[in-house]
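Let me begin by presenting the structure, written as structure tokens, before commenting on it.
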Amino acid sequence: MLPGPRLSSAGARRPRRRGLALTGALLAAGLAPSAGCEDAYEPPCRLTATRALVAAPEIGVRPLVALARSRGRAFASWSQREVVVADGGASASVTLSAFEIAVVEEDGSLGLRARVPAPDELRARSAGIASVGVVVEDGAFLVHWIETTATSEPDGRVRRDAALKAAYVRDGAASPAEAPARASCRDCTMTAASAALGDASILFARIDPAAAQGPSAPAFVALRFREGAAALDASVPWLALSPPAPRDGGLVGLGGAEPASAEGGGDLSAYVDADGRVAIVAGGRAWLADGGLRLLAGPIELPSASDARVSWDARGGASAAWSVSPVADGRATAEVPREIFTGLVPPGAAQVARRERASRGRAALELDRRGDEVGVLFESAARAIFAAVDPAGRKRGGDVIVGASRTGTAHEYGTPVVSSAHALFARGGGRFDVVTLGSGELGVSEIVCAP
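Going by our numbering, the first residue of the sequence shown is number 1, and it counts up by one from there.
Shown next, in the form of structure tokens:
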């Protein structure tokens, strides 16, 4: 800091003539004087606006709420349930009756709002539903779910089977449910993910044999749905998993085990990026395909953390973000807070080529990229925090606190309970939007970063 004005013995202020002379010399030379410490610091990125798009008490928390991404828009959905009383009030059950749908447009405004009734086959089940989702298409909604069935074998073992089902809903009326034969399995677990293509949808199913059957690689099924037509099998021979090489935190060869993250998004996820390409993540691998499911890039091996996020560039390279413990990373011997790392996968490469520490945080939530502008959203001490990085992962400026969690403990240790669903969009021109759904509200936060 510059010293304050000096006082004479008589108490009068002595002018700082030397400073004024220097300022005048700089101005005469056509140079602006440097800013003093009293000038306000302007961070490279700042939160410019936060607004609620929908406020409704029935908006619950994950996994009862979901955000899906497609071509720069966010599709928000939350379920409505009702209690069905039977036997003259002697018994009651809870069934899924409908979905509320809201679409957040590219400019951050609220677009479509709709109520989608649950298909009869889904509504009739009060149990045995492993997952459920809604895909927003042009004028119609594809509701999909996984039904599970438990059967007691003669030897006392309980066998669990699974089947994927889907039905279209238009103008409040649902078509009969379709159950493709390939998307069913015996003695297994199943995970589903969807990609919205506008006038059609793709459903991916991952089938894992039960552990009792011994070690086995999962099988993947891709189905293309279009309203008024039967589901078609899509060939995805490139979508396969093999035993991964030992790795940790993006550094191959380091020992240590990483715990699963609550925000990891499961073993299978998919979304459609702003260029209409389908990005798929499963089992620590990532692929990029076009709308016809022709492979464009990948697979790439993601860091070992289960919350790894990836966003592809136009050339088939990718930026990645993930959390890692310094203990598992070999940089500490005692428990310390987890850290968020970002890195670059060059076009044609199979894994992260370099990495940079971005911040302290317990879980990576979202990542998106537009050209050379990359943003990452992560959780730290029950707060959602944004940071901007360059394509190589180097941080630009400081952290921006987007919001605080309404549930969970505000500390830096342990596995976080992230109650809200998030979506992050890089809009270009230094602008990023964070969409948040949960705890009674759908909202959007705007972040602007200096060029």
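Backbone N, C-alpha and C define an ideal beta-carbon position, used for all residues, glycine too.
Sixteen is the threshold: when 16 or more other Cβ atoms of the shown chains lie within 10 Å of the Cβ of Asp208, as they do, the residue is buried. A Cβ-Cβ distance of about 13 Å is found for the pair Ala196 and Tyr168, leaving them out of contact under the 8 Å criterion.
Setting aside the 5 residues that flank it on each side, Val84 is surrounded in the same chain by Ser93 and Thr95, each with a C-beta closer than 6 Å to its C-beta; the list follows chain order. Annotated three-state conformation of Leu142 is strand, per DSSP.
His411 is not bridged by DSSP to any residue. Boundaries of the beta strand (DSSP E) harbouring Leu67: Val65 to Ser70, taken from the DSSP string.
Straight across, the Cα-Cα distance linking Leu122 with Leu268 is about 22 Å. If only complete runs of 3 or more residues are kept, the stretch 111 to 179 shows the beta strand (DSSP E) at 129 to 136, 141 to 152 and 158 to 170, in order along the chain. Bounds of the beta strand (DSSP E) holding Gly343 are Glu339 to Val345. In the structure shown, the three-state DSSP call for Gly428 is strand. At a Cβ-Cβ threshold of 7 Å, Ala364 and Ala321 count as neighbours. Membership of Ile447 in the beta strand (DSSP E) is indicated by the continuous run Glu441 to Cys449. When C-beta atoms of the stretch 346 to 353 are compared with those of the stretch 409 to 416, fewer than three pairs fall below 8 Å, so the two segments do not count as touching. Under the Cβ criterion (8 Å, minimum of three pairs), the stretch 104 to 111 does not count as touching the stretch 126 to 142. The C-alpha of Val310 is placed about 13 Å away from the C-alpha of Gly283. When the beta-carbon positions are compared, Ala118 and Ser97 come within less than 7 Å of each other. Look at Ala200 here: in three-state DSSP terms it is coil, with no helix or strand label.
As computed with DSSP, Leu377 is found in a beta bridge with Glu366 and Phe386. One thing to note: Leu223 has its Cβ no nearer than 7 Å to the Cβ of Ala229. Partner residues in the beta bridge of Ser359, as assigned by DSSP, are Ile340.
In the three-state reduction of the DSSP assignment, Arg224 falls in the strand class, which pools E and B.
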